[in-house]
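Chains as they are written, first to last, in my numbering: chain C, 617 to 1044; chain F, 617 to 1044.
No residue lacks a Cβ here, since even glycine has one placed at the ideal position from N, Cα and C.
There are 2 protein chains.
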Amino acid sequence: MKKYSEMTREELLLEKEAVLKRYSEKKSLGLKLDISRGKPCPEQLALSLPMLDLVNSETENFKCENGFDIRNYGVIEGIPECRRLFGEILDAPAENVIVTGNSSLNLFYDLIAHAMCHGIPGGNSPWCECKERKLLCPAPGYDRHFAVGELFGFELITVPMNSDGPDMDLVEELIKDENVKGIVCVPKYSNPQGISYSPEVVERFAKLSPAAPDFRIFWDNAYVVHHLDFDGEKDEVPSLLRLAKENGNEDMVYMLGSTSKVTFPTAGLAAVASSERNTADFKRTLSFQNIGPDKINQMRHVLFFKNLEGVLKHMKKQAEIIRPKFETVLSVLKTELSGTRIAQWNSPKGGYFVSAELLEGTAKRTVALCKEAGLVLTGAGAVYPYGKDPADSILRIAPTFAPVSELPDAMEIFCLSAKLAAIEKLLG
Amino acid sequence: MKKYSEMTREELLLEKEAVLKRYSEKKSLGLKLDISRGKPCPEQLALSLPMLDLVNSETENFKCENGFDIRNYGVIEGIPECRRLFGEILDAPAENVIVTGNSSLNLFYDLIAHAMCHGIPGGNSPWCECKERKLLCPAPGYDRHFAVGELFGFELITVPMNSDGPDMDLVEELIKDENVKGIVCVPKYSNPQGISYSPEVVERFAKLSPAAPDFRIFWDNAYVVHHLDFDGEKDEVPSLLRLAKENGNEDMVYMLGSTSKVTFPTAGLAAVASSERNTADFKRTLSFQNIGPDKINQMRHVLFFKNLEGVLKHMKKQAEIIRPKFETVLSVLKTELSGTRIAQWNSPKGGYFVSAELLEGTAKRTVALCKEAGLVLTGAGAVYPYGKDPADSILRIAPTFAPVSELPDAMEIFCLSAKLAAIEKLLG
């Protein structure tokens, strides 16, 4: 296949005819396909079902390690055994972990709301009093992170992603502005590019010297145990909290994690690991907000996993289910698009997404063409602040939820749409 | 027994000697008793254990009524069958109900945080921009409500409680101040007095005409199904949302409820019923905050209770467990204190507390004496804003958690301490 960019007008018209024919055939099938959101599939969820049986009416002892009844009030910071489990997962001391709620997104939201309303250690006033507040957003990134920042009135500043993490030269420059209050990151198997930050990048994060005394790194380690091939290549990212502490910077860090894509989305757990000061500060606010998290659900998770090894064994089973889906996505992308040179994509070693960079100015059109043919994609631009991809080129593919049998059709529609959009663009 | 106030100095000294003797005997037993917090006892919790078995690894269908998988993301507002259940409990249309989280306290906190950060329907700006913001606090009331208001920087304005609810003349006067943003109430079996608001009081709430266009009534119906004698006298309070709607005032109302003291504190559910506009507004914010509540836990509750009738049957069983505790408390109070005329107390028909009004200026001293003798009470003043009881006279007794066998000792210590404190006061 000749590169599209090197085709003559006549060649492009011929190619268009051929692609359009295939696209129309697919469209005529009236398919309803969806690769838009990073959701576990029912087979993944089924792996966690035995967990639901572990605390039941026959359970004889409802006491957690510190003697509290898990069915009653109390233990704001989470039960000790569950804090230890998340300490292992997030690579942080158990005493610096608070377990609560059900998603790292919710914790990110709550921490922002907390800083907005009450202020946080190091700061002189609640963030709501900083009218020009700004949030750094490595992008492509997670649309819901950006949406939270926008909702709370932050100016969202895009920081380009390199292959080893955000552009740290730029980050180091931007944080000289005292209105820059934070940065929100997915450091491992990033959403959507599957990029894991290099040790050098993490080291630079740990050494940041921001102008704002209450600057925070929201380190959403949502995919910390989400390898795709447990027997093959896996990424590991150093503990930012530990490195920051070595640099006297531990108050700068909130490391977040959850079991949303480990057990059950929305019926799982979430945790934040932070410095001693931040932990005490957040716990204090939580103690006004409620009288303890769902400790029964925490105990279910502890009994099910026991420790990090148990979590990894479980995640390996999930990988067996979703790896073939990623392989299908990558295989169709290669077959259909590699010759055309109208697209690049990553081959992630973990996480939930494949990110495709299409010919500039064709992402929106590709989404529209997919939709016409019955395939729902994440909206073009979603991976950038304000939903605006400056080059209109990045699309996110979420292959986990769809049955593997549907993915060849879905990806063929995706590729044909991308080709059509590229040809239209090149024809002008 | 002669009234203490009519005793001569000599009589008081003799009485002191007698009381002190009994007090010292009790103290020497080295008891460890606690009637400080409104917690269900293990026997109450045990009634809900079968609920834990209802969603398990053998469950064949994980779909809720609207077709969503309860194990996966989605359904921000709660599953339809659970919204209907809470609609019945709170006496509100199911479509106006959002089910989320695990306590009405947490929902109160979240709604305040939401109004603080984003503003709410009717308002011109987020509450954080109102520097002189005020919250009306009927008192005696719930210490944690007041603490949330204080945390968010509200000036707390005490509104005295009458026997049928807050002093509505004063409320109607105070809301002429546009900085008064809300009032927080426990309308049924109030904490701590067990007062239920009369239909007339509720009607006046429904007709309030506050200066602040975004004024809100936080109607924490925490004890809505918590009768003490299901075969005897029960209080009922009209639906404020319905009455407010009849007056075109429905945006003024957030009705809150939970299963904290129905199933499991912290592992239960909470719900807010409000107007169409408020519901849409809060749902929008929730959609930024998370990707759905714990729907598995919602389904457990739905399968366990089925409907309001199921809830009431369950609560009747709880009443059988805790009514004897209330009877013990009231019986000891009567035996020990009724002749002295140094105290008054209520005989609640529901809820979790007995409230005792002691001789002015003796509540703190009574708490201290109780503590010395091994009995933990809620701190004196806790039932007032800022923890300050102007008369230093109200104490809250929470009899549900302690074993019934411990209550005679606990209440004897309580009464002896109250007597000693009164005698000391009268002796000057």
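Query raised in the report: Quick one: what's got a C-beta closer than 6 Å to C:Cys698's C-beta in the same chain, skipping five residues either side?
Result: Val715, Gln914, Val918
**Report entry** Sequence-distant residues of its chain with Cβ nearer than 8 Å to F:Pro658 (five each side left out)
**Finding:** none
**Report entry** Listed by chain order, chain F residues near C:Ser890 by CB distance under 9 Å
**Finding:** Correct list: empty, because the minimum Cβ distance to chain F is about 20 Å.
Query raised in the report: Of all the CB atoms in chain C, is at least one closer than 8 Å to the CB of F:Gly908?
Result: yes
**Report entry** Straight-line Cα distance separating C:Phe762 from F:Pro802
**Finding:** Reading off the sequence shown, one finds Val at residue 802 of chain F, where the question assumed Pro. In a straight line, the C-alpha of F:Val802 is about 38 Å away from that of C:Phe762.
Query raised in the report: Are any of the Cβ atoms in chain C nearer than 8 Å to that of F:Ala989?
Result: no
Requested in this report: Would you tell me roughly how many angstroms separate the C-alpha atoms of F:Ile695 and F:Asp851, rounded to the nearest one?
Outcome: 30 Å
**Report entry** Nonlocal neighbours in the same chain, by C-beta distance under 6 Å from F:Asp759, ignoring five residues either side
**Finding:** Only Ala998 meet the Cβ criterion.
Report task. Compare the C-beta of F:Gln960 with all C-beta atoms of chain C and state if any pair is closer than 8 Å. Result -> no
Report task. Count the other CB atoms, across all protein chains shown, that sit within 10 Å of the CB of C:Leu991; report buried if there are 16 or more and exposed otherwise. Result -> buried
**Report entry** Coarse secondary structure for C:Asp685, derived from DSSP in three states
**Finding:** strand
Query - Touch test, the stretch 795 to 809 of chain C against the stretch 823 to 842 of chain C, Cβ-Cβ under 8 Å, three pairs minimum - result: yes
**Report entry** Cβ-based neighbour list, C:Glu866, same chain, cut-off 7 Å, excluding 5 preceding and 5 following
**Finding:** Taken in chain order, the residues that qualify are Leu857, Ala860, Ser891.
Query raised in the report: Of all the residues that make up the stretch 758 to 773 of chain C, which are near chain F by a beta-carbon distance shorter than 7 Å?
Result: Ala763, Val764, Leu767, Phe768
Query - Where F:Met915 sits in the DSSP three-state scheme - result: helix
Requested in this report: List the residues of chain F whose Cβ lies closer than 7 Å to the Cβ of C:Ile912, in chain order.
Outcome: Phe880, Ala883
Query raised in the report: Exposed or buried, C:Ser876, counting other C-beta atoms within 10 Å across all chains shown (16 or more means buried)?
Result: So C:Ser876 counts as buried.
**Report entry** Spatially closest choice to F:Ser814 from F:Pro709, F:Ser855, F:Glu862, by CA coordinates
**Finding:** F:Ser855
**Report entry** Residue closest to F:Ala710, alpha-carbon to alpha-carbon, out of F:Val927, F:Arg700, F:Asn962
**Finding:** F:Arg700
Query raised in the report: Rounded C-beta distance between C:Lys941 and C:Thr1016? I'm assuming under 8 Å.
Result: 6 Å
Report task. Could you round the C-beta distance between F:Ala1026 and F:Thr978 to whole angstroms and report it? I think they count as a contact, below 8 Å. Result -> That pair is no contact at about 18 Å.
Query raised in the report: C:Asp559: buried (16+ other C-beta within 10 angstroms of its C-beta) or exposed?
Result: Absent from the model: residue 559 of chain C. The displayed extent of chain C is 617 to 1044, so no value can be given.
Query raised in the report: Apart from the five residues on each side of it in sequence, which residues of its chain come closer than 6 Å, Cβ to Cβ, to C:Arg939?
Result: The residues Leu844, in chain order, have a CB closer than 6 Å to that of C:Arg939 in the same chain once the five nearest residues on each side in sequence are set aside.
Query raised in the report: In chain F, which residues lie with their C-beta within 7 Å of the C-beta of C:Val713?
Result: In chain order: nothing, as chain F lies at least about 18 Å away.
Query raised in the report: Can at least three beta-carbon pairs, one atom from the stretch 644 to 652 of chain F and one from the stretch 1003 to 1020 of chain F, be found at a separation below 8 Å?
Result: yes
Requested in this report: Could you please give me the residues that DSSP links to F:Cys801 through a beta bridge?
Outcome: When DSSP reads this structure, F:Cys801 sits in a beta bridge with F:Trp835.
Query raised in the report: What residues from chain C crowd round F:Ala729, counting only those whose CB sits closer than 7 Å?
Result: Ala729, Cys733
Requested in this report: Have a look at C:Glu789, C:Ile1010, C:Thr901 and flag the residue whose alpha-carbon is nearest the alpha-carbon of C:Tyr980.
Outcome: Looking at the sequence itself, residue 980 of chain C is Lys, so the reference to Tyr does not match. Residue C:Ile1010 is the option with its Cα nearest to C:Lys980.
Query - Short-range partners of chain F found in the stretch 671 to 694 of chain C, where Cβ spacing is below 9 Å - result: Val671, Asn672, Ser673, Glu674, Thr675, Phe678, Asp685, Ile686, Arg687, Asn688, Tyr689, Gly690, Val691
Requested in this report: Please classify C:Asp582: does DSSP put it in a helix, a strand, or coil?
Outcome: In the structure as shown, chain C begins at 617 and stops at 1044. Residue 582 of chain C is therefore absent and cannot be evaluated.
Query raised in the report: Quick one, are the C-beta atoms of F:Ala712 and F:Ala889 less than 8 Å apart?
Result: Sequence inspection shows Asn at residue 712 of chain F; the Ala mentioned does not correspond to that position. Yes, Cβ-Cβ distance for F:Asn712 and F:Ala889 is below 8 Å.
Query raised in the report: Which one or two residues does DSSP pair with C:His843 in a beta bridge?
Result: C:Gly966
Query raised in the report: Which residues in the same chain have their Cβ closer than 7 Å to the Cβ of F:Asn962, if we skip the five residues on either side of it in sequence?
Result: Shown here for F:Asn962: same chain residues with a beta carbon closer than 7 Å to its own, the five before and five after excluded, namely Gln809, Gly810, Val970, Ser971 in chain order.
Query raised in the report: Residues in its own chain within less than 8 Å of C:Leu824 by CB, not counting five upstream and five downstream?
Result: Val787, Glu788, Ile791, Phe831, Ile833, Asn865, Met868
Report task. Quick one: using the 10 Å Cβ neighbour count with 16 as the cut-off for buried, is F:Asn568 buried or exposed? Result -> Chain F is shown only over 617 to 1044; residue 568 of chain F falls outside these bounds and no answer can be derived.
**Report entry** C-beta contact flag for C:Gly690 and C:Ile907 at 8 Å
**Finding:** yes
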